[in-house]
Each structure stands twice: as structure tokens, then as C-alpha cells.
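In my numbering, the protein residues as written are 641 to 960. Read through the structure below, which is laid out as C-alpha cells, and then see the notes.
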């Protein structure tokens, strides 16, 4: 895989500083039952990296030490970490809102039949990948049969109450473009998703998150191999909107890797960019237990244009 960081530095992206920390995003490992083209983590079935329980205990200590409102777990498929349930139960017992970034198909894998019931019982918000509502497009991006398996999982989530009015169980879907283009306007796309999935399959959900593909890891390497990297970066930079700077996720969030090292965002984690301005030493969770981050500088590079282009893009969807 071709590295993208040399193509993203130096950068003229504007300097950013942090607000109070409210979201702790943890990558529980790169093991996944899928290997999607757009995956910025380069996750897959052969990856061995998994967060261990002592590191999870440091995550819980962070929740105790700071007024963090949300624990947002991702992967790989976070449910494939054998201590996933331990972490989520402990966070919920602390009254912390929990988000599981689920690829849907994991709930259809042998040995993971428990996923839907566990998420519902613990009132964990589900943010689920479904990069299109058309079968051919999904399977082209994520693998043969993924669309049908995703529909089965969505129906099970609906049956457990997810996406249903008054249940309190939130289900959001995530859209990614098929290639080097910006996502369409989120509100209109959400309406199209809801109409198609309801009419064709009887599936309901709360909200659609429309995310731009980041020019890093597997997707960035593919762009380089196809000679499309420079054009995509030109598109991102040409679509930059300064007003999106106020909503970028790195101002309120830290991203934690499976070993407990901390970064300004998930994308910086995948690029190995240190927290803040960088001092030659990686920051670990244990370093932050008594250390406030408010007003600290945020490490930026050219991939940050992916979060500020057009309608903007964050873990919570469009910014404008």
C-alpha cells in the first residue's frame, strides 16, 4: 500500500485549537469481517491488532477523570474485540452515552448473534455503514453479498426498536461516495434513502450521515495508484468552506488507538500524526488523566480539507 502522508505535508490548512473534551473515540482494533475499498483504517479479516482490557480500563478512567459525554467506539468491527461488551457495559453504568460504529454484517456472522440484543439492552446508539441504498453499488464497494446481509441486520435492529418512533434507540446510516467525489447534499440524500428503504424493504432509521472519503490509507493509496490523488486534493481544496471550521470533530474529540495512544482525530491516528503540535513523544491515555486539553493546538495536514469541503464532513455527518 502506497503511503499518503508525504503527499499531505506541508500544508496550508488553517491552525485550529481545542474546545473542552466531550467525546472519547476509541478504536478497539483493526480486525474486521470486511475489507472495504473506502476504509481509511485498512481493516480486514487478517488484522490482529486488538485493544486489551487494561487499555479499556484506562478509557474508563478517562471517563471518570473528565466530563466526557460520549464514548464512540469504532474499528475494524468493534464487536469483534472479545472485551467489547465489558467496555460498553462499564461505560453505560457510568451514565455515558455510547455509540457503536457497526458495519451491520457482523451481526449476521456466526458467533455474533448476540450483537443486536446486546446493543438494544444497553441502549447503545448504532451508527451503521450503508454507503448506498442500491445493491450493486454497496457490493462493489464492500464485497459480494454485503448489501443483503446488511438488510437482514437492519431488519433485526428495527425489530429490536432501533429507528422506531418513541423507542429511544437511535439508528443512523452512513453514506460514502463510490470514488473521488464529494458526497451529495445530506438532507436530500437522507430523504431518498428513507423512501427507498421503507418502500422496498420496510426498513426505517433516524438519520443519514454523509461522509467524504479521506485521501489516506486504502482509499488514498488507490487514488495514488490510479493517478487521481492530485485531482482529488484539488477538489477538496477548491471546495473549502471556512465556516465549517467551527464544527470539525477534532475540536471536541480525541481518538484513541488500540494501544491507548491518543490523537486529534481518527484520520490523524491512521497517519501517525501526534496529538497537538507534537513534541517527539506520543501521548498516551495515562498522560491525559490529569491533563486538560482545552485550547491546545490541533495537528493539521492537507487531509483536513476533507472535513471542510462543501457541506463539510465529520463523524456526525455534514457540518452545514
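Even glycine gets a Cβ: it sits at the ideal position worked out from N, Cα and C.
In terms of residues, what are the limits of the beta strand (DSSP E) holding residue i?
i	result
residue 845	Where residue 845 is concerned, there is no enclosing beta strand (DSSP E), given that its DSSP letter is neither H nor E.
residue 813	811-815
residue 765	765-769
Less than 7 Å between C-beta atoms, sequence neighbours within five positions excluded: which residues of the same chain meet that for residue i?
i	result
residue 926	698
Straight-line CA distance for residue i to residue j?
i	j	result
residue 819	residue 852	10 Å
residue 750	residue 687	19 Å
residue 1041	residue 956	The structure shown does not extend to residue 1041, since the chain is modelled only from 641 to 960, so the question has no answer here.
residue 671	residue 854	20 Å
residue 802	residue 785	23 Å
residue 748	residue 789	7 Å
residue 770	residue 824	15 Å
residue 933	residue 791	41 Å
residue 949	residue 888	11 Å
residue 798	residue 650	46 Å
residue 728	residue 960	31 Å
residue 884	residue 866	30 Å
residue 857	residue 907	9 Å
residue 722	residue 947	32 Å
residue 869	residue 915	26 Å
residue 859	residue 655	25 Å
residue 827	residue 954	15 Å
residue 761	residue 897	27 Å
In the DSSP assignment, what residue or residues form a beta bridge with residue i?
i	result
residue 895	665, 903
residue 738	711
residue 833	According to DSSP, residue 833 bridges with nothing at all.
residue 938	656
residue 684	671
residue 957	954
residue 690	669
residue 861	Residue 861 is not bridged to any residue.
residue 880	949
How far does the alpha helix (DSSP H) with residue i in it reach, from first residue to last?
i	result
residue 929	Segment: none, residue 929 is in no alpha helix (DSSP H) and carries neither H nor E.
residue 756	755-761
residue 889	Residue 889 -> no alpha helix (DSSP H), and no H or E assigned at all.
residue 807	No alpha helix (DSSP H) holds residue 807; DSSP gives it neither H nor E.
residue 802	Taken as a continuous stretch (DSSP letters only), residue 802 belongs to no alpha helix (DSSP H), as it is neither H nor E.
residue 694	693-705
residue 947	945-948
residue 1003	Residue 1003 lies beyond the range of the chain shown here (641 to 960); nothing can be said about it.
residue 645	Note, residue 645: premise wrong, no alpha helix (DSSP H); not H, not E.
residue 729	724-733
Could you pull out every residue in the same chain whose Cβ sits closer than 8 Å to the Cβ of residue i, ignoring the five residues on either side in sequence?
i	result
residue 912	645
residue 708	661, 662, 663, 664, 702, 736
residue 872	820, 855, 863
residue 841	791, 794, 795
Please list, in chain order, all residues of the same chain as residue i whose beta carbon is under 6 Å from its beta carbon, the five residues on each side excluded.
i	result
residue 890	904, 905, 938
residue 659	891, 892
residue 768	742, 744, 813
residue 695	900
residue 693	723
ask   = Do the region 656-668 and the region 713-725 meet, that is, are 3 or more Cβ pairs less than 8 Å apart?
value = Contact between the region 656-668 and the region 713-725 is present: three or more C-beta pairs spanning the two stretches fall below 8 Å.
request  = Would you check if the region 773-782 and the region 725-734 touch, i.e. whether three or more CB-CB distances between them fall below 8 Å?
outcome  = Taking one beta carbon from each stretch, the region 725-734 and the region 773-782 have fewer than 3 pairs nearer than 8 Å; the two do not touch.
message = I want to know whether the region 819-833 touches the region 935-945 - three or more CB-CB distances under 8 Å.
response = They do not touch, by the three-pair rule.
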